[in-house]
Every structure is written in C-alpha cells, then in structure tokens.
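Chains as they are written, first to last, in full-length UniProt numbering: chain H, 1 to 320; chain U, 1 to 504; chain B, 1 to 360. Single-structure report; data block below.
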C-alpha cells in the first residue's frame with residue numbers, strides 16, 4: 001500500500017486514493033474537537049459557539065477575558081489594585097484546583113511508581129510464582145469501572161479506623177474519628193491505586209526487552225543486588241519508569257469520578273472543577289482551561305515520545 | 001570419589017559441594033529466588049488489597065447486608081424475624097413496634113428507619129414519622145392504636161415489607177437490581193411494569209458499549225492499517241494525531257464535543273452551510289418522522305414569528321444586524337416591501353407549506369444530550385484504545401504475504417480477506433475487548449452529554465450513591481456490573497493475555 | 001535532587017493551605033450562578049470585610065443527599081447550606097440538621113423582634129428563610145412574538161412546536177402538568193395525593209416527553225434558551241430575570257401556574273465551624289443584607305422590614321425590582337405554594353416512579 005506502483009489499474013488507483021481520504025477523515029475526527037476549543041476560548045461573547053464576527057475576523061470578536069476569568073473566579077476582591085496576586089493565590093477557585101491536582105497527583109505518582117516498579121521487576125522474573133493471578137489482580141484497578149471503585153473506596157474509607165472507637169464502653173465520649181474519606185490522604189491512596197497498573201505495564205514492557213544476562217554479569221563481578229539494581233538495571237529501565245510515572249500522573253490528573261465521591265469543596269481538583277463547570281454553568285472559562293490542558297498534554301506527549309525513543313536507542317533497538 | 005560419583009548416578013542423589021543433595025539445594029535456591037520475587041511484588045499486592053480489593057468486597061457485601069432497621073429497632077426486630085409473614089399480626093408485634101417508635105423518635109433516628117422501610121413499601125415514610133409523633137400517647141391495644149394513627153398498619157403486606165427491612169441479610173437489593181421484588185414471606189415476583197428499570201438499563205448499557213466498540217473498530221482498523229504500512233517517519237508523525245487525544249483530558253474532550261455538536265455548534269453550522277442537513281433530512285424522512293431529529297430551525301422560528309404578527313416580525317427582521325438575518329426572514333422582509341402585510345403573510349404561509357415537505361433549509365439536529373452524543377463522544381475517547389493494539393499486531397504482519405497472495409492470482413479483496421485480515425484478528429480481539437470493557441463502566445461522558453436516553457448503568461449507581469442515598473441498591477447494581485466486567489476481563493485474559501497489554 | 005525539590009514544593013503548598021485555615025473559614029453551599037452571585041455580593045463580601053473570615057463557596061443542585069452522606073459518613077465538611085423548605089423540614093426530622101436558636105437573629109431597624117419581622121412560616125426549627133422564589137417557565141420573545149401565556153401552552157406542541165426544558169425531578173413538574181390539564185392551583189395537591197392524580201400528571205408529561213431537554217442546575221435554562229436548544233423552559237424566576245437584566249436577553253416569563261417556595265439557611269449536624277456559620281447566618285439575614293440581595297436578583301426577601309428598602313437593580317438604576325418579584329400582585333394571580341409536607345412524604349416514591357418513567 002505504501003506508494004502506488006506505476007502499473008496500478010484504475011480500480012487500484014481509486015481504492016488507493018479513497019482509502020487515504022477515508023483515513024484522512026478519521027484523523028480529522030480524532031483531532032478537530034481538540035483544536036476547536038482553541039479559537040472558541042478566545043470568544044468575546046459568553047457562548048460556546050462561533051459568532052459571525054469571529055468567522056469574519058472582526059475587531060472585538062476575540063478576547064482573553066476568559067483566561068483572566070480563570071484567575072478571578074472566587075477572588076475576594078478582583079478589582080483591587082494591591083495584593084491582587086496574593087488574592088489569586090489564596091482564593092481563586094481554579095488556582096486552588098491546580099494546587100490540589102498537583103499535590104494529589106505528585107504524591108499518588110510517587111507511591112504508584114515506587115510500588116509499581118518493584119512489583120514489575122518481581123513479576124518479570126521467570127521464577128515468580130502465581131504471576132498470572134497476581135498480575136490480573138494488580139491490573140484490575142484499570143479495568144473495574146471507576147464508579148464501582150469510587151463508591152467502594154468511599155464507603156470503606158468512611159469507616160472509623162481509630163481502634164479506640166471500635167469497642168464502646170458505657171457513655172465514654174468517642175475519640176477522634178480516623179477516616180480517609182474527605183481527606184487528601186484518601187484521595188492520594190485512591191489515585192495511587194488507579195495509577196499502578198500503568199506503571200506495571202510500561203515497566204514490564206521495558207523489562208521484557210531487558211537483557212537479564214547483564215544482571216548476572218554484574219553479580220558475577222561481585223556487585224550486590226542493590227548495587228546491581230541501581231547501577232545496571234535502573235539506568236536501562238529508567239525511561240520506562242518515567243513514562244509509567246507520567247501515565248500514573250496523568251491518570252490522577254484526569255480522574256474525576258473518585259474525586260466526585262470522596263473530595264470536599266476544598267479538595268476539588270481541575271477535572272472536578274471542570275465537571276461542575278460543564279454541569280452547572282457552561283461558560284467559555286471551561287474552554288480556556290481546556291486549552292491550557294491541551295497544551296499541557298502536548299508537552300507530556302512530547303516527553304513520553306522522547307523517552308520512548310531514548311529507551312530504544314539505549315537498548316540498541318532501531319527507532320520505530 | 002570417582003567411585004561414589006558413578007554410584008550416585010545410579011542410586012544416591014547428586015550432592016552439592018557442602019554435601020546436601022543437589023536437587024534440594026536447587027529447590028532451596030529456587031525457593032529463595034521465588035520468595036525474593038514475591039517480596040518485590042508483596043508491597044504493591046498488599047497495597048492494592050488494602051485500598052482496592054477489600055473496599056470493593058466490603059461494598060458488595062452492603063448489597064446483601066443492611067442493618068439500618070435492626071440496629072435501631074431492637075424490640076420489633078426479633079419478633080418480626082420470628083414471624084412467618086402469613087399468620088395475623090399480633091398485639092405483641094404492635095407493642096414492640098410502638099416501643100421502638102418512641103425510642104427512635106427520642107433519639108431522632110426515626111427518619112432513617114422510615115427511609116429504610118420506604119425502600120420496601122412506598123408511603124412507609126410518612127406512616128412511620130406521623131405514627132412516631134403519636135406513639136408516646138398510644139395505649140393498649142396497640143394494634144388498634146397504630147391503625148388509628150395510620151390505616152396502613154392494618155395491612156399484612158405492610159408488615160411483610162417491614163419484616164424485609166428488619167432482616168439485615170437480604171437478597172432484596174440484588175433482586176431489585178434485576179427488577180424483582182422480594183416479599184417478607186419469601187416470595188419473589190417481578191417488579192410492576194411501570195417500575196421496571198434496571199434490566200432495561202443494563203441492556204442499554206450493553207447496546208451503547210457494543211455500538212461504541214463497533215464504531216471504534218470501523219474507524220480504527222483503516223487508520224491502524226495505514227499507520228502500519230506507511231514508512232516509519234510518516235507513521236510516527238500521524239501517530240501523534242492518535243496519541244494527542246489519548247493524552248488529553250476526558251473532560252476536555254467531552255467539552256469539545258459539546259461545542260462541536262450542540263444546536264448552534266460547529267457541526268450544525270457546517271451542515272447548514274453546506275446543505276448537508278437537507279440531505280440528511282430527506283433521507284430520514286424516507287424512514288421515519290424527522291421531527292425526532294431536529295432541534296431547531298432558525299428559519300422556522302422566523303416564519304412562526306411572522307405568522308404570529310407580521311408587523312412585529314418585520315420590525316425585528318429590519319432591525320437585525322447585517323449578516324444575521326435568516327433566509328426566511330430576508331424573504332418575508334422582501335415580500336413585505338413588495339406586497340405589504342398580506343404579501344408577507346402569504347409568503348410566510350408558502351414557506352411553511354413547503355417546509356412540510358422539504359424543511360426550511362436550516363434545520364439543526366439534536367446530536368448532543370442524547371444517546372447519539374454519548375456514542376460519538378465515547379467513540380472518540382476510546383478510539384486510541386482500539387488503534388494502538390491493532391497497530392502493534394499489524395506491524396508484525398510481513399507485507400510480503402499480501403504480495404505473495406497477489407502474485408499467485410488472488411484479487412485485492414481475496415488477498416486482504418483471506419491472508420491479511422485473519423492475521424490481525426488477535427489485534428481486533430484485544431482492541432475490541434478493551435474498548436468494550438472500558439465502555440461498559442463509563443460514567444463521565446454519559447453524565448455530561450447523555451441527556452435522558454444516553455444514561456448508562458454507572459450513572460444510576462452514582463445516582464443511588466450520591467442522590468437517593470440507597471447505598472445498598474447502588475452496591476447491588478455495582479455487583480451485577482462487576483460480574484459482567486469480570487467476565488469480559490476473564491475473556492480478555494483467555495484470548496489476549498493480560499501481560500500483552502500495551503500503552504502508547 | 002529533583003525529587004527533593006518536588007517534595008519541598010508540595011510541603012509548602014500544604015503549609016499555605018493550612019495558613020488559610022488559621023484565620024477561620026466556612027464553607028457556604030448554594031445553588032450557583034446568578035443566585036450565588038447575589039449572595040456573594042449581598043452577604044459574603046460584607047461579611048468577609050467585617051470579620052476577615054474566609055468563605056469557601058460551593059455549588060450544588062439541591063436535595064439533602066450530600067448533607068445526609070456527610071452526616072452519615074461522620075465527616076461533615078459543609079457549614080451552612082441553602083435549601084428548599086421541604087428539605088429543611090425533612091432534614092430536621094431525620095436529625096441531619098442543627099436546630100437553630102432564633103434569638104441569634106437581629107431585630108429589624110425599627111426594633112421589631114426578628115420573630116415578628118420574618119414573614120409567617122419562614123422560620124422553622126432548623127432553618128431561617130432568606131428569600132421567596134418561584135419556578136416559572138420562560139420563552140424567547142424574539143423567536144415567539146405571539147408567545148405562550150398559560151401553563152397549558154407549555155404542553156401544547158401543536159400550537160408551539162419545539163423543544164421544552166424541564167428540571168430533572170418530579171417536583172414542580174407534576175404540579176405544572178396538572179395545572180396544564182385544567183386542575184385549579186388550589187386543588188393540585190389534593191389531586192396529586194391520589195394514584196389517579198399521579199397517573200394523570202405523568203400522562204400529561206408523556207405528551208411532551210419526546211421533546212424535553214432535562215436540566216439540573218439553575219444556570220442551565222437561560223443557557224438553553226440562549227443557545228436555541230429549547231423554545232421554552234421552566235426555570236427559577238431569578239435566573240431568567242438575571243439573563244434579561246444583566247445580559248439583555250429577550251426572554252419573557254409566564255407567571256401563570258408559578259410554583260413558589262422558600263430558600264432557607266440550614267446548618268448540617270456536626271458542621272466543623274458551627275459558630276462561625278451561625279454568625280454568618282445571623283449577619284446575612286439582617287434587614288439590610290436581605291434587601292441588598294433583592295437588588296441583585298428578583299427573589300423576594302423573607303423579612304417584612306426589607307421590602308421597603310428594595311429599590312432598583314444594582315447596575316441599572318431605572319429598572320425597578322418590585323414588579324419582577326414572584327409576589328407582585330400581577331404575577332401572583334394563579335400561583336401555587338410548593339407543599340413541603342406533600343413532598344417530604346412522597347419524594348422517595350415519586351422520584352422512583354419518575355426515574356422509571358424517564359428510563360422507559
């Protein structure tokens with residue numbers, strides 16, 4: 001199919017070009033919605049659609065007001081001249097959401113990556129017992145519907161884990177509740193669990209092409225297992241670990257169903273804020289946020305692609 | 001030494017340097033490395049069990065176990081549980097009930113108990129709360145006193161419903177999740193037709209997932225094929241178009257589809273501009289009533305306005321900013337300038353008459369906030385999960401096979417269908433199952449753009465979790481969904497193998 | 001090294017979040033959009049200026065579910081919530097809400113005690129009312145110049161073809177259906193108390209079911225009208241007013257068959273900052289604040305002493321707020337008060353029936 005031979009018949013030519021047109025349309029289907037939000041986010045009017053003025057590029061049809069709105073939403077005093085940025089940092093709803101998203105995302109990623117990488121190394125050892133069963137348990141957070149995950153974690157995390165309250169004697173006043181629902185800790189644990197399958201999948205994929213004889217070579221030359229891991233294995237699988245970590249981060253960064261169930265107003269993340277924005281008040285502010293998120297995802301994608309190529313080069317595979 | 005060695009090859013076990021049998025030594029070594037491997041996995045396994053598996057099991061149990069009544073109504077619970085549901089209601093039962101009503105009224109738990117019983121018998125809420133208010137002043141015989149307070153206490157089926165609520169371990173919720181009703185005497189009947197809802201929802205969920213899976217296959221297969229056949233450099237460039245949506249937030253993509261598909265959205269604007277809407281309208285008129293399809297016709301609104309009041313309409317058309325007047329508005333305005341009010345009216349009537357057959361020309365379709373919108377947005381979101389496994393399988397099919405088939409006289413179609421396609425089936429299986437599994441539990445997209453007929457079972461689970469607060473029913477619905485998902489997960493493992501899952 | 005930086009950043013982010021808490025803060029939950037804005041302008045801003053307390057403002061779509069979830073899970077994060085009357089009564093019955101001592105309310109400027117100054121029925125055991133609001137239906141006048149005038153018109157697809165917007169709940173919709181079917185406003189709840197009455201209401205809703213776009217948040221209906229997604233929609237009267245006054249939309253309200261209700265402040269049982277919440281409640285229900293709110297949105301204040309202070313729209317001095325209120329005599333002719341007892345008793349059952357009906 002690549003390239004058309006000069007002796008191709010008319011039918012083949014028609015097929016060749018129409019196939020390409022069909023594929024082109026599918027690519028348009030994939031990419032247009034993402035590109036459409038960009039110009040719409042600069043709409044001067046509070047609508048979700050293109051105005052006639054925008055299509056004819058009239059002056060005043062475009063504005064950056066929705067980007068300012070991201071900052072001003074929730075501020076105590078947006079018209080103040082002094083202490084404006086401090087007000088933004090303290091009160092703006094979207095800024096709070098960004099802080100929450102990064103805070104939860106970073107800690108969830110650290111947990112998921114550390115535990116996931118260790119487990120992936122264990123799983124890719126040939127002598128690993130019950131590897132199939134364990135693998136299917138560890139991958140399940142990716143497969144089980146998020147609504148079930150969220151509801152389960154919410155009802156379980158609402159329990160009081162303070163042992164002092166388990167046995168109540170007489171009229172003794174209850175001790176503080178120890179519970180994870182509605183806490184940052186609960187959200188971090190939940191997102192860490194959701195992120196681990198991605199770490200396992202990417203790291204095992206890197207390990208699959210890892211030459212185990214390198215480990216044996218290092219050990220035969222007297223390196224202990226820890227040293228072998230950090231000096232030999234880790235540098236080679238590092239690209240896989242980092243892209244796994246990025247996957248875990250984006251999973252947390254994009255997750256809304258569990259947050260809907262388990263977070264308070266203060267703990268709202270970016271997608272949670274968007275969710276209520278779309279549900280409750282559709283304004284182009286959402287589109288401005290969406291545009292920024294698209295730019296972030298382009299940056300993330302570029303990083304992952306770079307890592308993938310680097311990893312292939314490191315392991316002497318030809319770039320695909 | 002030489003002698004012993006020859007002997008051991010026949011009788012005694014091989015010995016290692018320190019004298020232990022080699023087999024045991026090897027077993028020991030294997031055991032140690034197994035434990036070491038297991039030790040690496042153990043932290044994550046413990047973590048997943050603690051924060052994921054155990055919560056799910058705990059949640060599923062709530063679908064069978066609801067102690068709200070039993071915990072709060074200590075007097076009536078044992079008596080109701082002992083009752084067979086057939087013999088007449090006794091004074092003893094009534095007395096225990098009155099005691100419990102006073103108790104829960106005092107500690108303000110009556111609302112919760114009433115809500116629990118209301119799940120079994122609609123109307124029990126007000127019966128319990130109002131009777132509890134009067135319970136303090138009730139005197140024996142208590143059964144009559146209760147019936148005086150609310151005549152429903154005299155009905156045996158009400159007491160049977162209370163018996164169901166008083167039983168903590170109950171199949172009632174799982175049965176309700178399948179549209180069955182469980183009564184206190186142990187009988188199981190189908191839910192009334194007007195309250196049957198869950199089975200239809202599961203069917204709709206499967207239907208939407210299936211349509212999404214098929215759409216993903218139809219759209220994904222050609223793209224994956226093209227990517228696999230193109231030279232690496234070009235394929236990598238085009239791959240970005242697949243991966244970018246994959247890395248973009250689901251919320252962003254759902255928002256984007258709202259902007260694309262809404263009444264005044266990009267797609268409708270384009271279709272009106274190109275006239276494609278008329279083509280679709282004509283085709284759909286051949287099959288059914290097109291009114292279900294259209295959301296609005298701007299022309300129709302103007303004609304309607306003109307038919308209401310010509311002067312008002314003409315004033316509005318005349319005042320419209322340049323470029324915003326619809327075709328119908330412009331025509332009516334022109335007719336008014338030529339033939340006055342009667343001319344404008346007859347033109348508006350003519351437009352309305354021709355619209356009966358041909359439409360007004362600017363009909364806009366409802367493509368969002370319904371099943372169609374859900375399917376389009378979900379297909380877009382899940383398409384990369386189809387393309388990526390297909391691509392990785394197609395990469396392994398040598399292009400020479402196709403050429404060989406053709407050189408031996410196969411037509412293009414035969415070569416594709418008999419040689420290429422069968423080799424891509426593992427990729428199709430992997431992609432289709434993954435898309436189907438992810439689609440069946442989908443929540444966000446149907447919640448935001450599903451409207452009324454695009455809601456899926458996940459949305460109902462969420463409704464019962466966060467709105468109606470019937471957690472036990474949510475758990476039971478979740479249990480049924482979980483079983484379906486686990487079946488397809490098992491199928492995926494059998495056909496594809498979990499370790500073959502790939503990302504990016 | 002990089003990891004260390006990340007950790008330091010994260011820890012300082014927590015420290016900052018903690019610093020905000022030290023000054024004292026409350027979470028105020030309301031209905032979002034123009035309504036929340038009116039509260040922010042009239043209550044929150046003066047309260048912050050006076051006390052320095054931080055206010056986290058959260059939106060919800062009504063109902064007791066979230067309050068109940070928080071109270072039952074034993075972790076309440078909301079301090080004060082704006083609810084409808086039926087929910088205030090039901091929540092109080094179920095022990096989800098804190099009883100409120102009415103002595104904290106301030107007297108009217110002329111010295112009338114608060115209990116006499118509030119309109120009758122607006123103070124309940126656990127709640128203090130702020131406004132009288134109404135569910136009405138509205139249409140775009142530029143698209144329907146000879147617009148609908150009665151509730152029956154809303155259900156008449158032959159006379160006014162096109163999509164309708166309705167709130168995704170049985171509340172108010174069943175009442176509208178019966179009024180459109182010819183039941184006088186005064187008899188609606190009598191009819192609705194019978195099984196045949198409920199069937200009749202659903203049968204009426206069936207007539208337009210295929211054309212309905214369901215909304216959930218109060219901000220949606222004006223948006224649906226503006227986007228041309230619907231030709232007419234039920235809405236909260238203040239939201240439609242706001243679209244007309246602030247965004248110059250050509251929307252028109254049909255007051256016939258309006259269902260009016262109260263919005264009240266309640267405090268969930270175990271609210272983390274109960275004392276501050278009570279301060280906020282007392283402050284926001286002062287005569288002056290209630291009157292100020294009525295200049296931002298067309299909802300009637302719950303205090304008699306606020307009424308004379310209600311003037312014109314905050315940013316348009318020539319727009320008199322009086323005739324915009326649901327209680328204006330002109331608008332009040334065929335009005336129906338939402339029967340909180342009926343809904344407190346039948347909500348579960350009718351919700352269930354409504355959901356099954358929707359899914360069919």
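Think of the CB as a built atom: it goes at the ideal place given N, C-alpha and C, for glycine as much as any other residue.
For the beta strand (DSSP E) holding residue i, just list the boundary residues, first then last.
| i | result |
| --- | --- |
| residue 316/B | 316 to 320 |
| residue 236/B | 232 to 236 |
| residue 349/U | From DSSP, residue 349/U is part of no beta strand (DSSP E) but of the alpha helix (DSSP H) over 327 to 358. |
| residue 78/B | Segment: none, residue 78/B is in no beta strand (DSSP E) and carries neither H nor E. |
| residue 266/B | 251 to 266 |
| residue 180/U | 180 to 182 |
| residue 167/B | 164 to 167 |
| residue 54/B | 54 to 59 |
| residue 139/B | 127 to 140 |
What residues in its chain sit with their C-beta under 6 Å from that of residue i, if we drop five residues either side in the sequence?
| i | result |
| --- | --- |
| residue 177/B | 201, 204 and 205 |
| residue 139/H | 197 |
| residue 109/U | 72 |
Note down, in chain order, each residue of its chain lying with its Cβ closer than 7 Å to the Cβ of residue i, except the 5 sequence neighbours on either side.
| i | result |
| --- | --- |
| residue 21/B | The predicted model places residue 21/B with a pLDDT of 45, which falls under 50 and marks its position as unreliable, so this point remains unresolved. |
| residue 132/B | 260, 262, 299, 300, 302, 326 and 327 |
| residue 487/U | none |
| residue 39/B | 30 and 293 |
| residue 21/U | 13, 14 and 15 |
Taking the CB atoms as reference points, tell me whether residue i and residue j lie closer together than 8 Å.
| i | j | result |
| --- | --- | --- |
| residue 130/B | residue 290/B | yes |
| residue 116/U | residue 58/U | no |
| residue 256/U | residue 37/H | yes |
| residue 27/H | residue 241/U | yes |
| residue 344/B | residue 90/B | yes |
| residue 452/U | residue 265/B | no |
| residue 365/B | residue 257/B | Because chain B here runs from 1 to 360, residue 365/B falls outside it and cannot be looked at. |
| residue 431/U | residue 145/H | no |
Relative to the C-alpha of residue i, which candidate in the options has its C-alpha closest?
| i | options | result |
| --- | --- | --- |
| residue 208/B | 164/B, 48/B and 175/B | 164/B |
| residue 357/B | 57/U, 196/U, 141/U and 85/U | 196/U |
| residue 202/H | 104/H, 6/H, 121/H and 227/H | 121/H |
| residue 77/U | 287/U, 422/U and 163/U | 163/U |
| residue 377/U | 417/U, 261/U, 185/U and 121/U | 261/U |
| residue 199/H | 236/H, 162/H, 224/H and 241/H | 241/H |
| residue 211/B | 435/U, 366/U and 421/U | 366/U |
| residue 85/U | 27/U, 369/U and 184/U | 184/U |
| residue 401/U | 391/U, 415/U and 395/U | 415/U |
| residue 493/U | 209/H, 134/H, 298/H and 98/H | 134/H |
| residue 130/U | 94/B, 154/B, 141/B and 142/B | 94/B |
| residue 149/U | 156/U, 136/U, 234/U and 161/U | 136/U |
Let me check one thing: in DSSP terms, what residues is residue i bridge-paired to?
| i | result |
| --- | --- |
| residue 62/H | 43/H |
| residue 119/B | For residue 119/B, which the question treats as bridged, DSSP gives no partner whatsoever. |
| residue 90/U | DSSP lists no partner for residue 90/U. |
So, at 8 Å on beta carbons, what are the nonlocal neighbours of residue i in its own chain, with the 5 sequence-adjacent residues on each side left out?
| i | result |
| --- | --- |
| residue 12/B | Note that residue 12/B scores a pLDDT of 48, beneath 50, so its modelled location is shaky and nothing firm can be said. |
| residue 17/H | none |
| residue 230/U | 238 |
| residue 6/U | Residue confidence for residue 6/U is low, a pLDDT of 49 falling below 50, so the modelled location carries little weight and cannot support an answer. |
Could you spell out the range, first to last residue, of the alpha helix (DSSP H) harbouring residue i?
| i | result |
| --- | --- |
| residue 89/H | 84 to 91 |
| residue 471/U | 471 to 495 |
| residue 214/U | 198 to 229 |
| residue 229/B | Unbroken run through residue 229/B: none, as it is neither H nor E. |
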